[in-house]
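This report concerns only the one structure given below.
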Amino acid sequence: MELESYIRDVPDFPKEGILFKDITPLLANHKALTEAIDRLHARFADHEIDCVVGIESRGFLFGVPLAMRLGCGFAPVRKPNKLPYKTHAEEYDLEYGKDTLEIHADAVNPGDRVLICDDLLATGGTMRASRNLIERIGGKVVACAVLIELGFLDGRKRLEGTQVEALITY
222 MELESYIRDV PDFPKEGILF KDITPLLANH KALTEAIDRL HARFADHEID CVVGIESRGF
282 LFGVPLAMRL GCGFAPVRKP NKLPYKTHAE EYDLEYGKDT LEIHADAVNP GDRVLICDDL
342 LATGGTMRAS RNLIERIGGK VVACAVLIEL GFLDGRKRLE GTQVEALITY
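In the working numbering, the protein residues as written are 222 to 391.
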């Protein structure tokens, strides 16, 4: 199955000059969504993952079913003030400014083998901030999984030393 055929290009969204990769056609198609989760599962089935961490919000869409298939728990990384319990925060750079991510202090146990999941890898800033948070609370990030990688933005460079798996690369 060509998963790429379920990704819709939306020009000039969310602003002029951006070609947005819309995953909603893939999410709407049971066979395509199942295929994506099956392929991610196949890549990590032998990694002995203890927890999948999904990045807000589209990382939740792939992270939860992947965690279920891997037989492990799921923990969210969210924007500030969205998690109700004690959190750790990580600030990271954007093209114009900064942003922050948070994770519950008890989201993973010390030594847990963690897989980070998101829909898309662009510059790698969000994924790196998530990796930093997980390591700060004692987790060991063994890999990062994404549906789509925008290879021309070199996000892998910011994740040096961590396995990155993408199902689709542009």
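Glycine included, each C-beta is placed from N, C-alpha and C at the ideal position. All figures in this text were calculated on a predicted structure; none of them were measured in a lab.
- Listed in chain order, the non-local C-beta contacts of I228 below 8 Å within the same chain comprise K242, D243, I244, P246, L247, I369, I389, local neighbours out to five positions each way being set aside.
- Counted as a single uninterrupted DSSP element, the alpha helix (DSSP H) harbouring D259 occupies residues 251 to 265.
- Counting other Cβ atoms within 10 Å of its Cβ, D327 stays below 16 and is therefore classed as exposed.
- For V362, the beta-bridge partners assigned by DSSP are V335.
- Remark: C-beta atoms of D333 and G360 approach each other more closely than 9 Å.
- In the DSSP assignment, F295 falls within the beta strand (DSSP E) that extends over 294 to 298.
- Under the three-state reduction of DSSP output, P286 falls in the helix class.
- Judged by beta-carbon spacing, G376 lies within the 9 Å limit of G346, meaning their Cβ atoms are closer than that value.
- Between R349 and Y313 the beta-carbon gap is near 7 Å, inside 8 Å, which marks them as a contact.
- When DSSP reads this structure, P232 sits in a beta bridge with L240.
- Pairing K307 with I355, the inter-Cα distance amounts to about 14 Å.
- Minimum Cα-Cα distance from G280 among the listed residues Q384, V385, V367 corresponds to V367.
- In this structure, E323 sits away from N353, with a CB-CB distance that is not shorter than 9 Å.
- For R379 and N250, the gap between their C-alpha atoms comes out near 32 Å.
- A direct Cα-Cα distance of roughly 15 Å separates K236 from L315.
- Counting only the Cα atoms, S278 lies some 19 Å from D230.
- In the structure shown, the three-state DSSP call for I389 is strand.
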